[in-house]
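Worksheet: one structure, shown below.
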Amino acid sequence: MKRCRNRFRTVAVAVVLFLAAGVGTSAGQPQDPGDREAVIGGSVRDPSGAAVAAAQLTLTLADGTQPRTAESGIDGRFRFVRVVPGSYVVTVQARGFAPFATSPFTVTTSRRAFMLAPITLSIEDVTASVTVRPTQAIAEEQIRAEEKQRLFGFVPNFYVSYLPEAAPLTSRQKFSLAARHTFDWTSFAGATLSAAIQQEIDAHPGYGRGASGYAKRWAATFVNERSDDLLSHYVFASLCHQDPRYFYQGTGTTRSRLYHALSYAFVARGDTGTTIPNYAYLLGNMGAAALSSAYYPREERGAGLILTNAALGIAGRAVQGVVQEFVARRVTTNVPESRSSAIP
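Note that the working numbering numbers the sequence shown so that position 86 is 407, with each residue one more than the last.
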């Protein structure tokens, strides 16, 4: 009997130890990681309170490590799932808004859901960079472009602007353009051809015939045209503060364009942009005609020669305006593209 009691005691102790071991093992077993994870949610708004969709959000630990990203929905809401305990920061980037970052916040095991206060973004400050360039520099670029304009690719067409709001020229720039036009190779070729025609029809017979007569006709033609050019396009254009160029209209009715072209002989654009009488051309034309009395044959000199040359000059300028407005543009090379779309 005593032996049976001892065996029962041994079995009881073993059972107690087994149960104790089982309880200890259960108590020391690690928790399921899912029990420690949380969800972080919130919404993104603009200053008016409207939802901001497609905002890019980044969740990082407070030290900036372990980044995770999310995007706000059409209702502005977002969330991060399976977030383990720790200290976090949420940063926000959205087009048209300034960047935003929350203050650090802590995720603990005591809360399974963290709802952040609504994130309100501020409108991004836009700083416009404006480069102010001197008017003189702009005009310099424009006349450099105009000096590339040539009828049929070789005849100068410098004195026409296809830019309606072209910058005004300084006196130095007026001289530069006049000199460039006056001493272009075509000026010499034109005088050569004109003198040959005059020689053939015996214009200005006082010059005589032969090589001497041809040389006088050539010199008279060249000086007359060059003096007219320099006086009207530079000297008087500077003194009267007006622009020597023809400004292409290109739009409007045929009647308005014709009026604009014919008025080129009588009105001009002032350096301030206003329309004024074309003093520069009228005085320049009269001045060149007066100078012609010094080298035309004696029998042709006098008031008649001056008035005739002046009248021919004015008529020629009116015809030139019509040609510029309706014909020249089509056969001129290097015309600014910005104006070509307006050409009929």
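Glycine included, every Cβ here is placed at the ideal spot set by N, Cα and C.
{"query": "Limits of the unbroken beta strand (DSSP E) element including Gln414", "result": "407-414"}
{"query": "Own chain residues within Cβ distance below 6 Å of Pro420, not counting five before or after", "result": "Gln414"}
{"query": "Under the three-state DSSP convention, the category Ala487 falls into", "result": "coil"}
{"query": "Distance between Thr430 and Glu392 (C-alpha atoms, nearest Å)", "result": "25 Å"}
{"query": "Best match in Phe473, Ala487, Val476 for proximity to Glu461 [C-alpha to C-alpha]", "result": "Ala487"}
{"query": "Gly345, buried or exposed, once every other Cβ within 10 Å from all chains shown has been counted against 16", "result": "In this prediction, Gly345 scores a pLDDT of 39, lower than 50, which makes its location untrustworthy; no coordinate-derived value is stated."}
{"query": "For Ala391, the three-state DSSP class (helix, strand or coil)", "result": "strand"}
{"query": "Buried versus exposed, by CB contacts within 10 Å (16 or more), Met607", "result": "buried"}
{"query": "Top-ranked residue by Cα proximity to Arg638, from Thr596, Leu628, Ser584, Arg651", "result": "Ser584"}
{"query": "Counted within 10 angstroms of its Cβ, other Cβ atoms place Thr542 as buried (16 or more) or exposed", "result": "buried"}
{"query": "Chain-order list of residues whose beta-carbon lies under 6 Å from that of Thr379 (same chain, five-residue window excluded)", "result": "Pro388, Thr390, Thr412"}
{"query": "When Thr381, Leu382, Val373 are compared against Phe399, the one with the closest alpha-carbon", "result": "Val373"}
{"query": "Alpha-carbon to alpha-carbon, Glu358 and Gly343", "result": "At Gly343, the pLDDT of 43 sits below 50, so the modelled position is not reliable; the number obtained from the coordinates is stated separately. Each residue's alpha carbon lies about 28 Å from the other."}
{"query": "Assigned secondary structure, Val404 (DSSP; H/G/I helix, E/B strand, else coil)", "result": "strand"}
{"query": "Spatial distance of Val402 from Gly363 (CA atoms)", "result": "12 Å"}
{"query": "Val360 - partner residues in DSSP beta bridges", "result": "Ala434"}
{"query": "Which listed residue (Ser492, Arg454, Pro455, Thr503) has its alpha carbon closest to that of Glu468", "result": "Thr503"}
{"query": "8 Å Cβ cutoff met for Ser315 and Arg566", "result": "Missing from the structure shown is residue 315; the chain here goes from 322 to 665 and no further."}
{"query": "Val648 classed as buried or exposed, judged by whether at least 16 other C-beta atoms fall within 10 angstroms", "result": "exposed"}
{"query": "Given Gly370 as reference, the closest of Ala422, Thr441, Ala383, Arg433 once Cα atoms are compared", "result": "Thr441"}
{"query": "Close beta carbons around Tyr535, own chain, < 7 Å, minus the five adjacent residues each side", "result": "Ala516, Gln520"}
{"query": "Whole alpha helix (DSSP H) elements within the stretch 477-546, 4-residue minimum", "result": "492-503, 506-522"}
{"query": "Status (buried if at least 16 other CB within 10 Å, exposed otherwise) for Val428", "result": "buried"}
{"query": "CA nearest to the CA of Phe418, picked from Arg433, Gly385, Ala376, Val405", "result": "Ala376"}
{"query": "Bridge-paired residues (DSSP) for Thr653", "result": "Leu472"}
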